[in-house]
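Participant: Sharing a structure here in structure tokens format.
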Amino acid sequence: MAVPFEDALMLGMRTAAFVVEQRHGPRFAQVAYDYEAEFRRKVEDRRAGRREMIAADILLPMPLMTAADIGLGAEHHAQP
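Mapped onto my numbering, the consecutive letters of the sequence shown carry residue numbers 140 to 219.
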């Protein structure tokens with residue numbers, strides 16, 4: 140069964156927020172959780188027919204997820 144792109148993106152955002160929280164604490168992670176909550180609201184509005192998604196809605200979380208991926212990769216390669 141295929142997972143909708145939006146759901147996969149929200150999971151990635153939640154994972155990125157968790158990584159930020161583990162590495163930098165809850166204060167920094169709150170920004171990441173706020174991005175995820177905002178995106179979730181947009182998805183729910185689109186699914187309910189109240190709005191259309193635009194490219195900016197999908198591109199907004201990409202820097203956050205990329206930063207978390209880079210951090211995870213660096214930690215993985217730094218371990219003996």
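Don't be surprised by glycine CBs; every beta carbon is placed ideally from N, CA and C.
Using 7 Å as the threshold, is the C-beta distance between residue 187 and residue 175 below it?
Facilitator: Going by C-beta atoms, residue 187 is not nearer than 7 Å to residue 175.
Participant: Could you give the distance in angstroms between the alpha-carbon of residue 144 and the alpha-carbon of residue 152?
Facilitator: The straight-line gap from Cα to Cα measures roughly 12 Å.
Participant: If you draw a straight line from the alpha carbon of residue 216 to that of residue 161, how long is it in whole angstroms?
Facilitator: At residue 216, the pLDDT of 45 sits below 50, so the modelled position is not reliable; the number obtained from the coordinates is stated separately. Going from the Cα of residue 216 to the Cα of residue 161 covers about 18 Å.
Participant: Kindly indicate which three-state DSSP category residue 168 falls into: helix, strand or coil?
Facilitator: In the structure shown, residue 168 sits in a helix (DSSP, three-state: H, G or I).
Participant: According to the neighbour-count rule (16 or more other Cβ atoms, all chains shown, within 10 Å of its Cβ), is residue 229 buried or exposed?
Facilitator: Nothing can be reported for residue 229: it is not among the residues displayed for the chain, which extend from 140 to 219.
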